[in-house]
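Peer 1: Would you mind keeping the following structure in view while I ask a few things?
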Amino acid sequence: MKFPVPHDVKAKTIPGTEGWERMYPYQYQFVTDDPVRNQYEKEMFWFYDGLHYPEPLYPFDTIWDEAWYLALSQYNNRIFMVPPVRGVDHRIINGYVYISPVPVKDPEEIGSRVPHFMERAGHYYKNWDDLEAKWKVKMEATIRELEKLEIPRLADMEDLSVVTGALGESKGYHLLKNYDDLINLGIKCWQYHFEFLNLGYAAYVFFLDFVQKLFPSIPAQRVTQMISGIDVIMYQPDEELKKLAHLAVELHVDEIVNSSPEWTSVEAALKNSPRGTQWLTSLNLSREPWFNVSTGTGWFHHDRSWNDAMNIPLTGIQTYIQKIRKGESIERPMEQVRAERDRITAEYRCLIEKDEDRKQFDELLGCAKTVFPYVENHLFYVEHWFHSVFWNKMREVAAVMKEHGVIADVEDVWLMRRDEIKQALWDIVTAWATGVAPRGTQTWPKEVEWRKGVMAKFKEWNAPPAIGTAPEVIQEPFTIVLWGVTNKSLADWAAVQEVKDPDSITELKGFAGSPGVIEGRARVCRTVGEVGQLQQGEILVAPTTSPSWAPAFAKIGACVTDVGGVMSHAAIVCREYGMPAVVGTGHATKIIKTGMLLRVDGSTGAITIAR
Amino acid sequence: MGSTSTLQPRTPAPARIPGQPLVCWLEECSKDSVPLVGGKCSSLGELINAGVRVPPGFALTTQGFRSFLSVGGLDREIAHLTHDIDVDDMDALERASAHVRSVIESQPFTTELEDTVAECYRKLSVRCGVPAVPVAVRSSATAEDLPDASFAGQQDTYLWIRGVDGVLDRMRRCMSSLYTARAIAYRKQRGYGDEQVAISVGIQKMANAYTAGVMFTIHPANGDRSVIVIDSNFGFGESVVSGEVTPDHFVVNKVTLDIIDRTISRKEVCCTVDPKTQQSQTIEVPHERQTVQSLIDDEITELAWMGKQIEMHYGRPMDIEWAVDKNLPSGGNIFILQARPETVWSSRPRPAAAARSGSAMDYILTSMLAGKKVS
C-alpha cells in the first residue's frame, strides 16, 4: 500500500492560502527545517481523522483537538502506562487533522510498564461502577459550573457596588479571567472524557479479539451484538421525542404540533390552548438536559443543539406522531434485541470447545458489558451537553468582541485561535480601561475575511485518507474500533484513490455494520439538517451519524457512512432496528449521489451501485 | 482402525446369516447398520430417521453381497486367485485384480436376488412416480470413512442409471470394486482375508440436480465452528467433489444463518444428464451462465439450516453432500446425499485462546503485549 509523503502533500499549497499555518498551533505542522522531526514524520503512518473531522477545522474549534491530543495521550502514556502504546500524535494539513498512534518500541521499556499498568488499570476495572458514579458527579458539577459562568459586558462606568463592596476587581479583569475559566472548564471536561475511555475501549477491543480468535470468521457486528440492549442515556433524547409524540396524541394536540415545520408558529399555536400549554410544560422538562443533544457530533461551533434549533426535534416529533397515527410502533424493539442477544450469545458460547476458553469468554464479556454504558454515555455529557452550553458561552464572548469592533460578526470568532482571542480580549480590556480604540479593530476584521476565503478553499480540497508509511499491521486497538482503520479498509481506500473516474465505480466496500441485504434509492445527507428530505425506505448515505439523527432511522431502509467502525452510532442503531448498515466506506458520500439505486449488504460490507 | 469388532481377522464369515435381509430400504438403516449396509447407506438411513430430506433408496446388504459370492463357489474361486499373490509384484496384482473383477462382473445374480432387487427398484419407481426412476448406484463399504479405510476398495459411483438391467450391472461393478489391485495388496499386508471384508451397494433415487455441491459445518480453512461453508456448481455435485471446477463459495453464519461471505467463480463445466442418451456427462456451462451465482440466497440459508440440524444430530462438525432438485418446488427441493463427520479439524488438538488465569485483565494485558494483527 502506497501513501503520499506528508511533506509532499503539504508542499502543494492551495493558491491563495499561503500562510494558512498561522491559523493553527505551530506544533501541528509537518516540518522540513528540523531533520530529526522531519524523519520521524516520514516514518510514521498518519491517517485523516474523518471520524471527528469531516470538514476542515476552524481555528477556534482546534480546541477540542488539542484537548483530546493531551487527554488520550496522557492516560495511555503517563497515567495508566499502557505497555506497548504511547499517545496519538497530531498534525494538520489544509485544516484537516491527521493522527498517528505512537508505539513503545523497546521491549525492555514495555516490560517495565507492565506492573504499573496492571496496578493502575486494574484499579479502574476492579472499581469501575463506583468510579463511574464519582465521574458522573464530577462531570455534572463541571457542567453546572459552566452554566453559571458569566461573561461580563464592559460598562462605560463600573457599577457602584464595585466601590461600596470594595471588590477591588474590574469587569475587564473578570472578562479575561472568565474567558480563561471557560477554556479551562473545556479542557477539564476533556480530561474527564478520557478517564475511562481508553480502558473501556481496551476491554471492548480485547473481547472482540478473543471471540475472533475462537471464531476467526465471526463478523465484528455479532460480537457487538452480544453487548447490545443495555440501556444507555445516549438514546434518551430520542426517547423524549417519542414520549412527547405519544403525549401530543393523548392530549389531542397532535394536529397543532404537526401544523407547521416552524417551531415558533407551532409554539405560538400551542400556547392558545390549555392542553397545548400542558404539552409545552412537558416539553420544557424534556429540554433540560436532553435537548442539549447536538445536531451534529458536538465537535464544531456550527453543531447547534436541539435547544438552539427547535425545528429539528420538532421534525422528529412529527415523524413519530405520523407513525403513531398509522398504528406503527415507534418503540425501540428492546425486548427482541435482548432476546436475540441472549440467543446468539448462548449459541456461540455452546460452540466454544474448551472449558478455560468458556471461562475467559464469560470474564471478558462481563468486563465489556461493565464498560459499555460509559463508552456510550460519556458522549452525552461531554460532546453534547457540555459542548452545547460551551459554544453558546463562546458566542457571549464573541458578542463582547463585536461590541468593541474587533470582529464584524459573532460567528467570526471561530476563525481565531483561542490564544488569539485571549490576546484580542487583552487588547479590548486595556483599550476599554484606557479609553482608546483597540488595535484589533483595524487588524482582525481583515484577517478574518482572509481566513474565511482560506476555509472555503480548504473545503474544496480532498484530504487523502492516509499519508506516510503504512505499517505491516495496525496494532493500536483504539484506532481499529473507533476509526475503523485496518489493513483491509486502507487497501480499499487506496483502491478507490487509484480510480480516476469516480463516476465509473459500481462497488464500494466498508465494514459490515449491521446484517441484512436491501435494495433502495440513495439519499445523501451531509448534515442532520438534510434528513427532512428522506423518504420512507430510502438508504441514508451520510459522512457519519450521531444521536440527533435518531429520528431519521425510523424512516430509512439502510444506512451507509464514510467513517466509523462497528461501534459507531449508525451501526449500533441499525442493529437495534434490524436494518442493514455498511460503515467506514471512506468515500460513500463522494461517490454515491441521491437517487442512485443501491444494493447494501450489511452482512458482507458490500455496496453495489446500479449505473 | 475403528471397526475391528466387525472385522475379526482370520474368522471365516458364514455364507449366510439367518434372519438378515439381502436388501433393505434406507429408512430401515441407522448408524448402527454399518456391518449390514456399509457406512454410506447407514448414514443415509440415520439422516432419514433424523427427519432430514434424503432421496429414497435401498441397499444390497453385505448379506446380499455374500449370497451373491457364494453361488457357484465364486468366493472360493476368488480366494484361490488371490491366495498366493506377491504383494510387491504389481503386474501380478493387476492381473489377479482384473481376473477377479471380470469373474464378478460376469456372474449372474440368482433368480431370488435378481427378483428381490428388481422388486425394490420397481417399488422405488412407484414411490417416486417416475417410470424406471434414475438412480445413483454407489458402493457402501463397511469400513469406509475410517482413517485408514483404503482397503475398502475403490468407491465406485454410477450416476443416472435407469432400468433394472443397468442397475444390476452397476451393482456388480460396485461389488467388484472391492478387488482393485491396491485393495487386495492392502488387505494382504494387514493380514485380512478377502472373505472377511464385505461391501454393500446403495441404490438411491437421483436428484435431478439443478445445482449441487458440498457443505462443511466447520470452516475447512480455519476450523471456525461458528460458520457453515458451502461450495456449489450447476448440475450434479461430482464436478465439485472431484475438483473439476472452482465452485461458488459461500460462508454462512451458523448462529444467525446470514451469508457473511460469497465468492462467485467462473464455472466452466458442470456434470449433468444428457436428455437424449440419458447418460451422465460433463458439459461446458453456457458462457453467459458461468459467472451466475449457482445457488440462490434463500437456498443457501435453507441448506445451512439443514447443515446445522445435521450437526446437532451428530453432535460434531460434518462434511455433507447435497443437491437442489430442479423438478421440485422450492421449500422441498434441497436434498442431502451424504453426511460424514469432518475429520481434519476435529482430530487436531488446538491450544486454548484464554490467558493463563482466565481473568479479563490478564487477557487484556497479554493481548496488548502481543499486539493485534488485523486483516
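From first to last, the protein sequence lines are chains A and B. Reminder that position 385 of the first sequence reads as 385 in our numbering, one-by-one numbering, no gaps. Reminder that position 234 of the second sequence reads as 1234 in our numbering, one-by-one numbering, no gaps. Every residue gets a Cβ at the ideal spot worked out from N, C-alpha and C, and that includes glycine.
#1: Enumerate in chain order the residues of its own chain whose CB-to-CB distance from A610(A) is below 6 Å, with the five nearest sequence positions on each side excluded.
#2: What residue range does the beta strand (DSSP E) around M1318(B) cover?
#3: Does C1270(B) pass the burial test, meaning 16 or more other C-beta atoms within 10 Å, or should it be called exposed?
#4: Whole angstroms are fine: how far does the CA of E1027(B) sit from the CA of A1015(B)?
#5: Assuming F30(A) and P6(A) form a contact by the criterion Cβ under 8 Å, report the distance between their Cβ atoms to the nearest whole angstrom.
#6: Would the beta-carbon of R1053(B) fall within 7 Å of that of F1335(B)?
#7: Quick check: K422(A) and V410(A), are their CB atoms within less than 7 Å of each other?
#8: Quick check: the region 201-212 of chain A against the region 1244-1253 of chain B, are there 3 or more CB pairs under 8 Å?
#9: Look at the alpha carbon of T1004(B) and the alpha carbon of D1325(B), and state the distance between them as a whole number of angstroms.
#10: Rounded to whole angstroms, what's the CA-CA distance from T1263(B) to R575(A)? Just pull it up for me.
#11: How is H7(A) classed by DSSP in three states: helix, strand or coil?
#12: DSSP state of Y53(A), grouped into three classes?
#13: I572(A) to M234(A), Cα distance in whole Å?
#14: Measuring CA to CA, which of T527(A), G557(A), A67(A) is closest to I518(A)?
#15: Does the pairing of the region 35-46 of chain A with the region 387-396 of chain A give three or more beta-carbon distances under 8 Å?
#16: For K590(A), which option in T561(A), M579(A), V223(A), F117(A) has the closest C-alpha, if you only look at C-alpha atoms?
#17: Using CA atoms only, rank isn't needed, just tell me which of T17(A), R153(A), F3(A), A133(A) is closest to V400(A).
#18: Could you have a look at Q1338(B) and say whether DSSP puts it in helix, strand or coil?
#19: What is the rounded straight-line gap between the Cα of A996(B) and the Cα of S1177(B)?
#20: Check whether chain B comes within 7 Å of P635(A), counting only Cβ atoms and requiring the distance to be less than that.
#21: Using C-beta distances below 7 Å, list every residue in its chain close to I218(A), excluding the 5 sequence neighbours before and after it, in chain order.
#22: Since W1322(B) and G1213(B) should fall inside the 8 Å C-beta cutoff, what is the C-beta to C-beta distance between them, to a whole number of angstroms?
#23: Checking 7 Å against the spacing of the C-beta atoms, do S1200(B) and C1041(B) come in under that value?
#24: Where L1328(B) and F1216(B) are concerned, what is the direct C-alpha to C-alpha distance, given to the nearest angstrom?
#25: Which same chain residues, not among the five before or five after I187(A), have their C-beta less than 6 Å away from its C-beta?
#26: Among Y192(A), L146(A), D503(A), S161(A), which one has its Cα closest to the Cα of L131(A)?
#27: Quick check: what's the CA-CA separation for M226(A) versus G1315(B)?
#28: Based on the DSSP output, what are the partners of A1221(B) in its beta bridges?
#29: Just verifying my parser: in three-state terms, what is the DSSP assignment at R1138(B)?
#30: Which chain A residues are close to Y1314(B), counting only those with a beta carbon under 9 Å from its beta carbon?
#31: Between the Cα of A346(A) and the Cα atoms of R358(A), F458(A), E335(A), which residue gives the shortest distance?
#32: Is C350(A) close to chain B? Criterion is C-beta to C-beta, closer than 7 Å.
#33: Does the Cβ of N284(A) have 16 or more other Cβ atoms within 10 Å, making it buried, or fewer, making it exposed?
#34: My assumption, with CB atoms under 8 Å, is that P543(A) sits in contact with P54(A). Please give the rounded CB distance.
#35: Whole angstroms are fine: how far does the CA of K242(A) sit from the CA of I317(A)?
#36: Along the beta strand (DSSP E) that carries E356(A), what are the first and last residues, could you check?
Peer 2: Once the coordinates are examined:
#1: Residue mapping note: residue 610(A) aligns to position 610 of the first sequence, counting from 1. Answer for A610(A): L597, listed in chain order.
#2: Counted from its first residue, the second sequence places residue 1318(B) at position 318. Here the beta strand (DSSP E) through M1318(B) covers 1318-1325.
#3: Taking the first residue of the second sequence as 1, we reach residue 1270(B) at position 270. C1270(B) comes out buried.
#4: For the purposes of this step, residue 1015(B) is taken as residue 15 along the second sequence, with counting starting at 1. For the purposes of this step, residue 1027(B) is taken as residue 27 along the second sequence, with counting starting at 1. At A1015(B), the pLDDT of 46 sits below 50, so the modelled position is not reliable; the number obtained from the coordinates is stated separately. A1015(B) and E1027(B): Cα-Cα distance of roughly 26 Å.
#5: On the first sequence, residue 30(A) is found 30 positions in, with the first residue counted as 1. On the first sequence, residue 6(A) is found 6 positions in, with the first residue counted as 1. Right, their Cβ atoms sit about 5 Å apart.
#6: Within the second sequence, residue 1053(B) is the residue found at index 53, counting from 1. Within the second sequence, residue 1335(B) is the residue found at index 335, counting from 1. Yes, Cβ-Cβ distance for R1053(B) and F1335(B) is below 7 Å.
#7: Position 422 of the first sequence, counted from the start, is the residue given in the question as residue 422(A). Position 410 of the first sequence, counted from the start, is the residue given in the question as residue 410(A). For K422(A) and V410(A), no; Cβs fall outside 7 Å.
#8: no
#9: On the second sequence, position 4 is the one that residue 1004(B) refers to. On the second sequence, position 325 is the one that residue 1325(B) refers to. At T1004(B) the pLDDT is 36, less than 50, meaning the model places this residue with poor confidence and gives no usable figure here.
#10: On the second sequence, position 263 is the one that residue 1263(B) refers to. On the first sequence, position 575 is the one that residue 575(A) refers to. Distance between the alpha carbons of T1263(B) and R575(A) is about 25 Å.
#11: Locating residue 7(A) in the first sequence gives position 7, where the first residue counts as 1. Three-state result, H7(A): helix.
#12: Indexing the first sequence from 1 puts residue 53(A) at position 53. In the structure shown, Y53(A) sits in coil (DSSP, three-state: anything other than H, G, I, E or B).
#13: As a working note, residue 572(A) is residue 572 in the first sequence. As a working note, residue 234(A) is residue 234 in the first sequence. Cα to Cα, the separation comes out at about 12 Å.
#14: The sequence position of residue 518(A) within the first sequence is 518, counting from 1. Of T527(A), G557(A), A67(A), the residue nearest in Cα terms is G557(A).
#15: no
#16: Here residue 590(A) corresponds to residue number 590 of the first sequence, with the count starting at 1. Answer by Cα proximity: T561(A).
#17: On the first sequence, residue 400(A) is found 400 positions in, with the first residue counted as 1. Closest by alpha carbon: R153(A).
#18: Along the second sequence, read from residue 1 onward, the residue named residue 1338(B) stands at position 338. Strand.
#19: A question about residue 996(B) goes unanswered here, because the residues of chain B that appear run from 1001 up to 1375.
#20: Since the first and last residues shown for chain A are 1 and 611, residue 635(A) lies out of range.
#21: Along the first sequence, one-based indexing puts residue 218(A) at 218. Closer than 7 Å at the Cβ level, and outside the excluded window around I218(A), lie V211, Q212.
#22: As a working mapping, residue 1322(B) is identified with position 322 in the second sequence. As a working mapping, residue 1213(B) is identified with position 213 in the second sequence. Going by Cβ atoms, the distance from W1322(B) to G1213(B) rounds to 7 Å, so yes, they are a contact pair.
#23: In the second sequence, residue 1200(B) corresponds to position 200, counting from 1. In the second sequence, residue 1041(B) corresponds to position 41, counting from 1. Yes, they are a contact pair.
#24: Here residue 1328(B) corresponds to residue number 328 of the second sequence, with the count starting at 1. Here residue 1216(B) corresponds to residue number 216 of the second sequence, with the count starting at 1. L1328(B) and F1216(B): Cα-Cα distance of roughly 24 Å.
#25: Start at 1 with the first residue of the first sequence, and residue 187(A) comes out as number 187. Taken in chain order, the residues that qualify are A67.
#26: Within the first sequence, numbered from 1, the residue matching residue 131(A) stands at position 131. Nearest option by C-alpha distance: Y192(A).
#27: Numbered from its first residue, the first sequence carries residue 226(A) at position 226. Numbered from its first residue, the second sequence carries residue 1315(B) at position 315. Near 24 Å, if we compare the C-alpha coordinates of G1315(B) and M226(A).
#28: By one-based count along the second sequence, residue 1221(B) stands at place 221. Note: A1221(B) sits in no beta bridge, so no partner.
#29: To locate residue 1138(B), count along the second sequence from 1; it is residue 138. Note: R1138(B) maps to strand in three-state DSSP.
#30: For the purposes of this step, residue 1314(B) is identified with residue 314 of the second sequence, where counting begins at 1. Going along chain A, no residue has its Cβ under 9 Å from Y1314(B), so there is no contact; the nearest lies around 15 Å.
#31: As a first step, residue 346(A) is located in the first sequence; it is residue number 346 there, counting from the start. Of R358(A), F458(A), E335(A), the residue nearest in Cα terms is R358(A).
#32: Along the first sequence, one-based indexing puts residue 350(A) at 350. With 7 Å as the cut-off, C350(A) does not count as an interface residue toward chain B.
#33: Within the first sequence, residue 284(A) is the residue found at index 284, counting from 1. Exposed, because fewer than 16 other Cβ atoms sit within 10 Å of the Cβ of N284(A).
#34: On the first sequence, residue 543(A) is found 543 positions in, with the first residue counted as 1. On the first sequence, residue 54(A) is found 54 positions in, with the first residue counted as 1. Confirmed, about 4 Å.
#35: Indexing the first sequence from 1 puts residue 317(A) at position 317. Indexing the first sequence from 1 puts residue 242(A) at position 242. Each residue's Cα considered, the two are about 7 Å apart.
#36: Working through the first sequence from its first residue, we reach residue 356(A) at position 356. Where E356(A) is concerned, there is no enclosing beta strand (DSSP E), although the alpha helix (DSSP H) it sits in stretches over 355-379.
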